[in-house]
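Chains as they are written, first to last, in this note's numbering: chain A, 659 to 991; chain B, 13 to 336.
Think of the CB as a built atom: it goes at the ideal place given N, C-alpha and C, for glycine as much as any other residue.
Below is one structure, written out as structure tokens, with a few remarks after it.
Laid out in structure tokens, this is it:
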């Protein structure tokens, strides 16, 4: 069976100080029907750009250099992407952004914003699209949907706005939901509600997810597969639990060691030495090598690529065997 | 606590009063912070934690209540010394530093205005401050835009330290930083506290950070403190349902199962605070009593330093949490 979504060799060029660089540099992944992938990384690693490139919504100055997005066996035409404001019937994908307030139209009733895709993309009539909007408000757990239909975004709380964003994303009946840090701006008690909603949508509607986040603490709740991204590339991918328990890339291990855990306050978090490299002056060889405690001279001379390190587990490291596991990180005192 | 360095007594802050309705940002907050202690102030957005902090720092005048520092009540207008003694560090080092001023100028100007060191010694003191926050001396020549987020936060901390404060109020100082550098800033706070004996009020929505750094913890909800005590009793045996909900919702690295949302809905508007216990509309344990009577902050066990504002603070687990 063909996978639902296949992203192959995505390269996105951005410009800074008139110099072009590859902000996304050869990202590939596959999502099966109903599957979910979490992409985790720090600011500027290219995780959000990856989503935008898939949607065809690259920001000004961004250019898709190469790569293909194949949905249900059909390669998306570059020109066709980006039409339909975050929906595209032929792509069957929708996107949810972090900041719902700036993504929503401030002067349009939320009901009308949700009804827009049913009316103009799916071709529903006026009353049918309105009914659909109310149904979707209900689906995303907004009480009293008939009254809320007439609300404006500023009248809603952050969590409700994010629910509206999700309703809009679902309004074109997508098979894949691309989520760009959808819970980062929310309080934790609301975050759990939104994560529960997404999980419910996966079970009940067979929705597939690509979930981008900087927070390793939420990935195991949202996706069974995890990709760790650094300077535009995936440095490790695999089953979420395996990657978190036995990371095989030093950057993944470094992120785990730097994270604080509410249950083990005595554990000292360890910062990753150095800082993210300037994308215009990337290090030679492995891009993580200048910050890596396992680095050897080969790491500077070898262009390290993802290789298999276990069952459907890939890592781009010459010393993947030596990467400390989560247990070793916890046990260091 | 007789020897508290900071004592906040019955503090209330209200904003605006259109149509006779005001926004009650802070209601009857009492806090004590001992010298050299780190107090973690936890709560979600809009709970009033930043407003409390700003009252302590003298940036907001409270509607009622007092802030005492070192045994003296701080008035509406503070002396230069009092302002100097309590410094704030903010979440966003991008917007809290002047983009056109070099680090040297920022620090030197402060030192000159406050007359803290001889003119000739200013350069040395700048270098010393850089060393204190773990920055190289040539960073003094840089502009804020030339530094990464973590470095900028160090510069912001150096600026706060330049005036030799006794208290630092840090408002979400690591929330805007990437995970890989958060640890270095937390380490810096620990370091400064042990080396300089600083008293720190550390505000955060991140429970893991607060648990790691604080000696004492206060949890706020809708303008009030709902639970307070030494760090471990509060984290190990939380007695307010809101504290329990926060802990249950905290992101965890090895959380395989989906967390079932513990509380319903979202915090109500601080213009329309519910009657009785303000948490009752969202509370899994609420009974009819909770909508009528507002519970005060009382010891969870007699004579205890650990206090919670819940009618059922004596219960260790809630029936509701064990349900299907």
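- In the DSSP assignment, residue 259 (chain B) falls outside any beta strand (DSSP E) and within the unbroken alpha helix (DSSP H) covering 253 to 261.
- Scanning B:45, B:105, B:55, B:104 for the CA closest to the CA of residue 80 (chain B) turns up B:45.
- Taking the Cα of residue 56 (chain B) as reference, the smallest distance to any Cα among B:182, B:219, B:307 is reached at B:219.
- In summary, the residues of the segment 276 to 302 of chain B whose CB is separated from some CB of chain A by less than 7 Å are 278, in the order they occur in the chain.
- Taking the C-beta atoms as reference points, residue 200 (chain B) is found no nearer than 8 Å to residue 154 (chain B).
- Taking 8 Å as the CB threshold, residue 184 (chain B) stays off the interface with chain A.
- Taking CB atoms only, residue 968 (chain A) has no neighbour in chain B less than 8 Å away.
- The beta carbon of residue 724 (chain A) sits closer than 7 Å to the beta carbons of 667, 669 from its chain, once the five residues preceding and following it are set aside; these are given in chain order.
- Chain-ordered listing is empty here: chain B has no CB closer than 8 Å to the CB of residue 681 (chain A), the nearest sitting near 17 Å.
- Nearest CB-CB separation between residue 872 (chain A) and chain B: below the 8 Å threshold.
- Distance between residue 762 (chain A) and residue 876 (chain A), taken at the CA atoms: about 25 Å.
- Judged by DSSP secondary structure, residue 53 (chain B) falls outside any alpha helix (DSSP H) and instead within the beta strand (DSSP E) spanning 50 to 54.
- In the three-state scheme derived from DSSP, where H, G and I count as helix and E and B as strand, residue 724 (chain A) is classed as strand.
- With respect to residue 224 (chain B), residue 238 (chain B) sits apart: the two C-beta atoms are not nearer than 8 Å.
- Of the other Cβ atoms in all chains shown, 16 or more fall within 10 Å of the Cβ of residue 211 (chain B); this residue is therefore buried.
- Within the segment 135 to 191 of chain B, the beta strand (DSSP E) runs of at least 3 residues that lie entirely inside it are, in chain order, 179 to 183.
- Secondary structure at residue 817 (chain A): helix, using DSSP grouped into helix, strand and coil.
- Comparing alpha carbon positions, the residue from B:263, B:235, B:96 closest to residue 175 (chain B) is B:96.
- For residue 190 (chain B), a Cβ of chain A is located within less than 8 Å of the residue's own Cβ.
- Rounded to the nearest whole angstrom, the C-alpha separation of residue 686 (chain A) and residue 182 (chain B) is 41 Å.
- Cβ proximity to chain A below 8 Å picks out 217, 218, 219, 220, 221, 223, 224 from the segment 200 to 226 of chain B.
- Fully enclosed alpha helix (DSSP H) runs of no fewer than 4 residues occupy 61 to 68, 92 to 97, 115 to 125 of the segment 56 to 130 of chain B, in order along the chain.
- Looking from the CA of residue 983 (chain A), the closest CA among A:935, A:779, A:911, A:927 belongs to A:911.
- Taking a contact to require three or more Cβ pairs closer than 8 Å, the segment 837 to 850 of chain A and the segment 862 to 872 of chain A qualify as touching.
- Contacts between residue 196 (chain B) and chain A, judged by CB atoms closer than 8 Å, involve 929 in chain order.
- No Cβ of chain A is located within less than 8 Å of the beta carbon of residue 144 (chain B).
- By the criterion of a C-beta distance shorter than 8 Å, residue 260 (chain B) is surrounded in its chain by 271, 274, once the five residues flanking it on both sides are discounted.
- Across the set A:801, A:972, A:734, A:827, the C-alpha of A:827 shows the shortest separation from the C-alpha of residue 758 (chain A).
- Within chain A, 850, 854 have C-beta atoms less than 8 Å from the C-beta of residue 272 (chain B), given in sequence order.
- In the structure shown, residue 285 (chain B) adopts coil according to DSSP, grouped into three states.
- Taking the CA atoms as reference points, residue 932 (chain A) sits about 13 Å from residue 190 (chain B).
- Per the coordinates, the alpha-carbon of residue 132 (chain B) lies some 45 Å from the alpha-carbon of residue 673 (chain A).
- Per DSSP, the continuous alpha helix (DSSP H) segment holding residue 713 (chain A) begins and ends at 705 to 713.
- For residue 778 (chain A), the three-state secondary structure derived from DSSP is helix.
- Close to residue 253 (chain B), with beta-carbon spacing below 8 Å, lies no residue of chain A; the smallest spacing is near 11 Å.
- Note on residue 878 (chain A): 16 or more other CB atoms within 10 angstroms of its CB, so buried under the neighbour-count rule.
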